[in-house]
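Residue numbers (my numbering), protein chains in the order written: chain A, 134 to 246; chain B, 18 to 131.
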């Protein structure tokens, strides 16, 4: 089945630790996105990428980093500089074009120990 | 920068009531507008969309019209059902940059009483 796979489902971070969230898609979509979902704040855009080896900062990129070495993969690293990392993280890919539509993964819940 | 503002929830209605969830936006250029829905225990999925002014998106009895003059994209349904209980997100896509930047509103939780 085609879709977006995020892993792990739950992740715990210790103080000062960097953690990486995985996002893989087999939909052959060019564009991919990372969002953070906090209660009452909706989805906020962290980073997005239109093509391999290119990505742009979203509205809340500080404390996060990404890479896009393969079309299928868009991992997100939550660095120690992100002081409030506890949130639900959603990855998405975009069909693009005039009929653009986002497909979302099932998310990763990150908590701080 | 671009932004999306939704009415705050939660919204609680009785079955068969009329629903309106307000959404207004700020954007340069001519964005596409979307409503996404998150049912309990499920991921976000597209509900409907409109790509230009005066377009009406519709799906599952829901409708929204792209109003450029009022920068709005309000979601409506004439008769809600218990199964419509979910969180609804308004979103816009800015295709004027090199990549399509898609931003969301804060979401509105809808609960329908039987």
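Even for Gly, the Cβ is constructed at its ideal location relative to N, Cα and C.
Values in this document were obtained by computation on a predicted structure and should not be read as measured data.
Chain A within 8 Å of residue i, Cβ atoms only
| i | result |
| --- | --- |
| residue 74/B | no |
| residue 61/B | yes |
| residue 58/B | no |
Within chain B, the residues that residue i reaches when beta carbons sit closer than 9 Å
| i | result |
| --- | --- |
| residue 178/A | 118, 119, 120 and 121 |
Contacts that residue i makes with chain B (C-beta to C-beta distance below 8 Å)
| i | result |
| --- | --- |
| residue 227/A | 117 and 119 |
| residue 207/A | Correct list: empty, because the minimum Cβ distance to chain B is about 12 Å. |
Under 8 Å between C-beta atoms of residue i and residue j
| i | j | result |
| --- | --- | --- |
| residue 109/B | residue 21/B | yes |
| residue 63/B | residue 51/B | yes |
| residue 101/B | residue 127/B | yes |
| residue 189/A | residue 181/A | yes |
| residue 45/B | residue 89/B | no |
| residue 141/A | residue 241/A | yes |
Neighbourhood of residue i by C-beta distance below 8 Å, restricted to the same chain and skipping five residues each side
| i | result |
| --- | --- |
| residue 120/B | 19, 20, 21, 108, 109 and 111 |
| residue 201/A | 165, 182, 184, 185, 186, 187, 188 and 207 |
Interface residues of chain A facing residue i [CB-CB closer than 9 Å]
| i | result |
| --- | --- |
| residue 79/B | Result: empty, since nearest Cβ-Cβ is about 16 Å, beyond 9 Å. |
| residue 95/B | Neighbours of residue 95/B on chain A: none; closest Cβ ~25 Å, over 9 Å. |
Chain C contact for residue i (CB, 8 Å cutoff)
| i | result |
| --- | --- |
| residue 173/A | Note that chain C does not occur in the displayed structure, where the protein chains are A and B. |
Within chain A, the residues that residue i reaches when beta carbons sit closer than 8 Å
| i | result |
| --- | --- |
| residue 49/B | 233 |
| residue 106/B | 175 and 176 |
| residue 68/B | 231 |
| residue 110/B | 233 |
Beta-carbon proximity list for residue i, same chain, < 6 Å, skipping 5 on both sides
| i | result |
| --- | --- |
| residue 67/B | 50, 74 and 83 |
| residue 31/B | 130 |
| residue 247/A | Because chain A is modelled from 134 through 246, residue 247/A falls outside the range shown and cannot be assessed. |
Residues bridged to residue i [DSSP beta-bridge criterion]
| i | result |
| --- | --- |
| residue 165/A | 182/A and 226/A |
| residue 80/B | 75/B and 93/B |
| residue 175/A | 171/A |
| residue 237/A | 225/A |
| residue 157/A | 138/A and 206/A |
| residue 64/B | Answer is none; residue 64/B lacks a bridge partner. |
| residue 129/B | 30/B |
| residue 54/B | 62/B and 105/B |
Chain B contact for residue i (CB, 8 Å cutoff)
| i | result |
| --- | --- |
| residue 239/A | yes |
| residue 181/A | yes |
Contact list for residue i against chain A, beta-carbon separation under 7 Å
| i | result |
| --- | --- |
| residue 124/B | 175 |
Close-in-space but distant-in-sequence residues of the same chain around residue i (CB under 7 Å, 5 per side omitted)
| i | result |
| --- | --- |
| residue 213/A | 149, 150 and 151 |
| residue 191/A | 178, 179, 180 and 181 |
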